[in-house]
Amino acid sequence: MQTPDDEQFEAYLKRFHPIAPESVPALRVGYASRRSVSLGSWLAAVAAIAVVCAVILHFRGNRVVVPNAAHDVAFAERHAPAGPLTMRSANAWLATAPSFKAAVDGLAFRSQTSPLPQGKQSAVAVLSKEKIRL
Amino acid sequence: MGKTNRNIAEIEVLYRRHGAALLLFASAISGDRGRAQDALHHVFLKAIENGSLSRAINKKAYLFACVRNAVLNDAKRQDRNISLDIESSWFNAPERDYAGEQNLRRALGDLPADQREVIVLHVWGDFTFSEIGELLGISSNTAASRYRYALAKLRGSMSAKENSCADSR
């Protein structure tokens, strides 16, 4: 049976805290090295994923999309504005064309069916006949 | 986190929590701070190696028992009588009471080894008398009576030293 004196003395003793020991080398080195190995493997995995993503994005960015050129040209020839090309007809054609490329193709490949007015001739035809000395 | 890493983390927590009391206990048995430290490291390294700590039900009691065995085995190997090295500090002096710390250390050194064990286990290891009985292989009544004797001797020894210090001043 402990007396109050004993308890008081015990409390006095408990005020003295034992000094902590030095850390165990295996806990300090082993755990740290295991942690660094695990961190290293994580970093390597992240780096590998980043490289793969970069390669994929690079190839996707450089990939040449080859459109169905024959189809677009056929469409352009069918639907390109007839008659002389004006800003209005070009705008209308750009608005209705399935793609920008199809619109440009349509303007480039449209047939020159409109006849030239009387007395006028094509500049290209005239230039092709002349012998120009440079 | 793998099982091994979890074990190491758990051992690290136990070392931080009980390391100081274990070192004091080992010092109180071995009498040598360096040997006590070695015994403590030996026990924890073995615990990491063989994972025996994870199977123990009362981990704290298991650690104290292991440290005691390690110190006693070491003493047996050295085949020497243990004399207590009380020159190196065992405690952090509260409120810079260095004289009190030295006084306590010397008073502990004057105790018989079996009483010293019990007092360290109860006061700084926070073990009950039945736990101490299990750990040391004695009955809880024996542990309690050893404690009472130890406490009385310690108090007498410390007050005598305090008085002698006061008289010499």
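Protein chains in written order, with the working numbering: chain S, 3 to 136; chain B, 144 to 312. Just so it is clear, CB atoms sit at the ideal spot from N, CA and C, and this is done for glycine as well.
- Residue nearest to N150/B within the set E192/B, N235/B, D217/B, A236/B is E192/B (criterion: CA-CA distance).
- When DSSP states are grouped into helix, strand and coil, F270/B belongs to the coil group.
- DSSP places N201/B in the coil class of the three-state scheme, outside both helix and strand.
- Around A22/S, the beta-carbon contacts reaching into chain B at under 7 Å are G162, A163.
- Proximity of chain B to R17/S at the Cβ level (cut-off 7 Å) is accounted for by P237, in chain order.
- Taking the Cβ atoms as the reference, G108/S lies roughly 7 Å from H81/S, within the contact range of under 8 Å.
- Looking at the DSSP output, H19/S bridges to N235/B.
- Contact between the region 240 to 247 of chain B and the region 200 to 209 of chain B is absent: fewer than three C-beta pairs spanning the two stretches fall below 8 Å.
- The closest CA to that of H161/B, considering only Q258/B, K296/B, G268/B, R291/B, is found on G268/B.
- At a cut-off of 9 Å between beta carbons, F61/S makes no contact with chain B.
- Proximity of V214/B to chain S, defined by a Cβ-Cβ separation below 9 Å, is not satisfied.
- The alpha carbon of L251/B has as its nearest neighbour, out of R176/B, A163/B, L294/B, the alpha carbon of L294/B.
- DSSP, read as helix, strand or coil, puts E192/B in helix.
- Your pair I21/S and F234/B checks out as a contact, with CB atoms roughly 6 Å apart and the cut at 8 Å.
- The Cβ of Q180/B sits closer than 9 Å to at least one Cβ of chain S.
- Contact between the region 270 to 288 of chain B and the region 9 to 26 of chain S is not established, with fewer than three Cβ pairs separated by less than 8 Å.
- Separation of the CB atoms of L215/B and I281/B is rounded to 15 Å, and the pair is thereby denied contact status at 8 Å.
- Scanning V186/B, S197/B, V266/B for the CA closest to the CA of E12/S turns up V266/B.
- Contact annotation for E12/S against chain B: V266, L294 [CB-CB distance below 8 Å, chain order].
- V156/B sits exposed, since fewer than 16 C-beta atoms from the chains shown fall within 10 Å of its C-beta.
- Put simply, the backbone Cα of L247/B is about 33 Å away from that of E153/B.
- Under the three-state reduction of DSSP, D253/B is assigned to helix.
- In the structure shown, E153/B falls within a helical segment according to DSSP collapsed to helix, strand and coil.
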